[in-house]
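Sequence lines, in order, name chains A and B. Just so you know, we're using the numbering used here here: the first sequence kicks off at 4 and counts up by one. Just so you know, we're using the numbering used here here: the second sequence kicks off at 41 and counts up by one. Cβ coordinates follow ideal geometry from the N, Cα and C atoms, glycine included. On a predicted model such as this, the values are computed, not experimentally measured, just so you know. Notes follow once the structure below has been shown.
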Amino acid sequence: MIAHAHTEPRKPARVVLLGASGFIAGAIAGRLASQGIAVLPLGRPVLDLTNPEAVAVLSGALRGDDAVVVLAALTPDKGRDGATLLKNLTMMNHACAALEKTGCAHLVYFSSDAVYGLGPARVDEDTPAAPQDLYGAMHLAREMMARAVPKAPVLILRPTLVYGTQDTHNAYGPNRFRRTAQKDGRIQLLGGGEETRDHIHVDDVAALAARCLMRGSTGTLNVATGRSVSFATLAEMVARQFPNRPEIVKTPRASPVTHRHYDIINLVKAFPDYKFIALEEGIARCQRESLG
Amino acid sequence: MKRPAIGFAGMTHLGLVSGVSAAEKGFDAVCFDPDTARVAALAGKELPVSEPQLDQLVAKNAARLKFTSTPADLKACDVIYVAPDVPTDDLGRSDLTPINDLLERVFGAARDDAAIVVLSQVPPGFTRGKQRPGRILHYQVETLIFGRAVERALQPERYIVGCADPLQPLPAPYRAFLEAHDCPILPMRYESAELAKISINMCLVASVSTANTLAELCEKTGADWSEIVPALKLDKRIGPQAYLAPGLGIAGGNLERDLVTVCRFADELGTDAGMVRAWIANSLHRRDWALRLLHDEVLSKIDDPVIAVLGLAYKQDTHSTKNSPSIALLSALTSYRVRVFDPVVPGSVAPNPRCVGAKSELEACEGADALAVMTPWPQFARLDPRDIAGRLRGKAVFDPYGVLQGADCRAAGLAYHTLGVRS
């Protein structure tokens, strides 16, 4: 559940993006710029949050009236081990140390749905966090670090699986399906692709983040569409984008089927008029964009 | 034996209905409340609550009803019920201050041989804590249902009576009053009776939560809950009176109070309340049924839509809006233009600055993009869907309780949504 500090949307003085070179940050920067909001993108090599000197660099760059969005993190493809965990915590520790010095008008931390366990298929913001790996534990710990920054109005955003044309990760889902269909003429499912998941287009993530920044929202919000589909259905959607239908290949199942559905009623209450990009439409958009 | 005189202390919903019903049964009823303004209103037949039959019975039994704010008038009573409504806060926690105060007044005013009976909803352990030497104190379970309170008071299914020692006979005047209602009397220790009240409510919540859980599944699978219900009611283990109508969660305040009480006791005593917490979560989930559909069908599709809402009360035949799903919906629609109509509750109670109270159902519908029927008032069922379709600008009708005929709505060109069946 989130609360809005501002009844009517108002532009933040400036939005500072930490981890600005990432896929989601790029979409948010573009969204904010299109709305005439000043943005200071900070990413490596300008700001290496793993380095202790980053505290001075960041505190020198921040102003007390900034809205700060923290997206900087080493993603699972960079490692899921203890060393990666410690690096991620160090990065957050440095960011928080700088924020403690300068203060900020609004702190938005981009977490992950990895803070939830695989037990409950249906989750909302009240679902107890029960991370299953160090990546989820990392985000949960960093959420707590964000909330501990003195006097900062804090918003935690927990996005579900995000897809979009610019996504550099090749995680199991729309992006990988589209790329392998294009390259190999086939989409490979894990098992029969029975698992259901909620996939959100990066433009929706950016639009919702912008809305939260304009309203000074605080609390915790899952960023999801509320509609889950199986990977098999998803593969069909992707396959329909190609004139020569790619082959959809099932593989022997190696792990039990799990499902994930989001109850997005808190998002609906926060932004009742919000219209998501339908998954079919989002996939078609990615295809058009990738073909130029 | 001369008919005993019965006192009722606390002239809010429970006490008033109980006193009037006692008079209807032929007993002289002394209806006491320390609030002189409330008593003056009652003496002038201005009732603070809306219940079927209540106004007529007050007029009919005026000779047997004495409304008073003078405690000494209770001296005439052989049995005195202490029956103020126990208010709850937003979290369902009881405020026992009013009943504590009133009970002290009654102890001070009543004869020593009078049976004092706590009728309000109190937590286990309350009554024994109020026992004092030389006085007669009982607890009696009330089973008031908003909108059916008079009927339930006149024709109780049974009396559950909490006693200091259930092996001792009930005082004769108290027994005489109870026996006049011709139903089983079940004496038990105080704590059992207090927990029996909660147990009844938990069983009801279990049934309603089961119905709500499976109705939602019906909405996703293509099954129709209304087809399943008759099959369940013919099962003797479930029964024809089972609470199986799907709804928008638990409302009204009393059931929520018991849910909170059970969780509190379980936490204090180390017993498991996981199931009760699941009921609470399910109730909150289903309360937002209309908002979810409104978002999907209207709010995310139309700029600045107008929403018509019929009903503000938490159920039909009551003025109460405690935990009303309609109020919850309206509080989520504060940025939208809303027109609302309720036969009893004024539109001004809606927590929405853009809400306008309409004079009629069809006036509320005029030019609206969608209609939500949020309270199952019987008069709404008499609306002709063709008239609704003629007034609405849009097509969407959200009728969780199935007040309107779905087929007629569809025939009138409306997009009809109800609980327990896929739209």
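Relative to the Cα of D135(B), the nearest Cα in the group F166(B), R422(B), C117(B) belongs to F166(B).
Here the C-alpha atom of I203(A) lies approximately 21 Å from the C-alpha atom of A132(A). Note on C223(B): under 16 other CB atoms within 10 angstroms of its CB, so exposed under the neighbour-count rule. Put simply, the CB of L459(B) is far from chain A, with every gap to its CB atoms at 7 Å or more. The alpha helix (DSSP H) runs of length 4 or more contained entirely in the stretch 40-121 of chain A are, from start to end of the chain, 57-64, 85-105. With its beta carbon at least 7 Å from every one in chain B, D207(A) lies outside the interface. In this structure, R34(A) places its C-beta atom within 7 Å of the C-beta atom of A209(A). If one requires a minimum length of 4 residues, the alpha helix (DSSP H) runs lying completely within the stretch 366-430 of chain B are 401-405, 418-421, in chain order.
Note that the stretch 15-29 of chain A does not touch the stretch 272-280 of chain A; fewer than 3 beta-carbon pairs, one per stretch, sit closer than 8 Å. Residue ranges of uninterrupted beta strand (DSSP E) with 3 or more members, entirely inside the stretch 190-266 of chain A and ordered along the chain, are 199-204, 220-226, 231-233, 250-252. Between Y283(B) and S247(B), the C-beta spacing is below 7 Å. Ranked by Cα distance from S62(A), the options L137(A), L45(A), I31(A) are led by L45(A).
The stretch 138-149 of chain B makes no contact with the stretch 193-211 of chain B; the number of CB pairs closer than 8 Å stays below 3. A residue is called buried when at least 16 other Cβ atoms come within 10 angstroms of its Cβ; D328(B) meets this threshold and is buried. Per DSSP, A8(A) lies in no alpha helix (DSSP H) segment and is marked neither H nor E. Residue-level contact check: V58(A) does not touch chain B, since none of the beta carbons of chain B fall below 7 Å from its beta carbon. In the DSSP assignment, the residues bridged to M228(B) are G202(B). Bounds of the alpha helix (DSSP H) holding C289(A) are 282-293.
Residue state for S134(B) is assigned as strand, using DSSP reduced to three classes. Contact check for H264(A) against S231(A) passes: the beta carbons are separated by less than 7 Å. Put simply, the stretch 205-214 of chain B does not touch the stretch 182-189 of chain B. Fewer than three CB pairs are less than 8 Å apart. In this chain, the alpha helix (DSSP H) harbouring G29(A) covers 26-37. With fewer than 16 other CB atoms across the displayed protein chains lying within 10 angstroms of its CB, S371(B) is exposed. Within the same chain, Cβ atoms closer than 8 Å to the Cβ of R181(A) are found at V241, Q244, I286, C289, Q290, S293, the five residues on either side in sequence being excluded. If you look at T167(B), you'll find it in the alpha helix (DSSP H) that goes 166-170. Annotation note: the stretch 321-370 of chain B contains the following uninterrupted beta strand (DSSP E) runs of length 3 or greater, listed N- to C-terminal: 346-350. Residue burial is scored here from C-beta neighbours: E146(A) has at least 16 other C-beta atoms within 10 angstroms and is therefore classed as buried. With contacts defined by Cβ atoms closer than 7 Å, A255(B) and L459(B) form a contacting pair.
Those residues of the stretch 248-279 of chain A placed with their C-beta closer than 8 Å to a C-beta in chain B are D266, I268, V271, K272, P275, D276, Y277, K278, F279, ordered along the chain.
K362(B) is a Cβ neighbour of G293(B), given a cutoff of 7 Å.
Burial is judged here by how many other beta carbons sit within 10 angstroms of a residue's own beta carbon; L54(B) has at least 16 and is buried. In the structure shown, I139(B) adopts helical secondary structure according to DSSP, grouped into three states.
Interface residue (Cβ-Cβ distance to chain A less than 7 Å): A408(B) is not classified as such. Proximity of chain A to R379(B) at the Cβ level (cut-off 9 Å) is not reached, the minimal Cβ distance being about 17 Å. Against A330(B), chain A offers no close residue; the least beta-carbon distance is about 11 Å (beta-carbon pairs closer than 9 Å).
Within the stretch 215-299 of chain B, the complete beta strand (DSSP E) segments of 3 residues or longer fall at 225-229, listed in chain order.
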